[in-house]
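A quick write-up on the structure given underneath.
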Amino acid sequence: LKGFKKAAEGPDTIEYKIGEIFGEIKNKIQSGYSLRDALEKVDELRFRSQEEKHELSHLYETKIRNMGNAGRNGGEYYTPRPLIRAMIDVIQPKIGETIYDGAAGSAGFLCEAYDYLRQGGRASNKLSTNDLKTLQESTFYAKEKKSLAYVIAIMNMILHGIETPNIIHTNTLAENLADIQEK
């Protein structure tokens with residue numbers, strides 16, 4: 140599955156992101172037959188409607204939160220959603236603005252901002268096709284140092300509806316600010 144990255148047309152494709160995910164995680168399924176059986180079971184799941192996708196993303200975030208509550212690494216990547224929503228209510232992001240998270244963790248901030256903007260912001264405005272394209276392609280950017288958090292962030296953004304997350308696996312604090320240019 141990590142071969143998807145090499146076969147992808149570019150880094151802005153879902154195939155590339157799938158390759159990124161599987162390039163970062165270790166496959167613990169020894170048998171190719173067992174892996175195929177597992178993939179076939181996952182393929183049977185249907186999450187096509189927005190409501191079904193929201194339910195799946197909610198389950199995923201609950202698992203991340205529970206990892207933290209169980210004393211594992213999840214709490215390191217998970218910021219409580221009420222805190223994130225309060226930050227978004229204060230910031231009131233708008234379509235056309237860039238939203239960046241230099242230590243993305245589970246990408247909860249970006250996912251909540253996406254949901255807020257997708258619903259039309261505070262005024263619940265209807266979004267145009269161009270607005271939706273802007274949200275998908277040029278609104279959300281992030282960096283994450285840790286491999287597990289990086290994979291969790293990509294998956295979380297995909298499950299929330301951001302088809303090709305703009306997340307880079309790097310240490311934000313190791314970058315020279317003079318080298319960072321606005322695109």
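Residues in the sequence shown are numbered from 140 upward in steps of one, following my numbering. Just so you know, even glycine gets a beta-carbon here, dropped at the ideal spot from N, CA and C.
Burial state of residue i (16 or more Cβ within 10 Å)
i	result
residue 230	exposed
residue 294	buried
residue 289	buried
residue 316	exposed
residue 153	exposed
Straight-line gap, residue i to residue j (C-alpha atoms, nearest Å)
i	j	result
residue 253	residue 156	18 Å
residue 305	residue 179	28 Å
residue 237	residue 268	18 Å
residue 265	residue 259	6 Å
residue 161	residue 296	16 Å
residue 318	residue 174	43 Å
Own chain residues within Cβ distance below 7 Å of residue i, not counting five before or after
i	result
residue 149	155
residue 228	none
residue 261	231
Cβ neighbours of residue i in the same chain (closer than 6 Å, five flanking residues each side left out)
i	result
residue 151	303
residue 240	248, 249 and 281
Contacting residues, own chain, Cβ-Cβ under 8 Å from residue i (five flanking each side not counted)
i	result
residue 242	282, 283, 284 and 311
residue 301	249, 250, 253, 274, 275 and 279
Integer Cβ distance of residue i from residue j, believed to fall under 8 Å
i	j	result
residue 256	residue 232	6 Å
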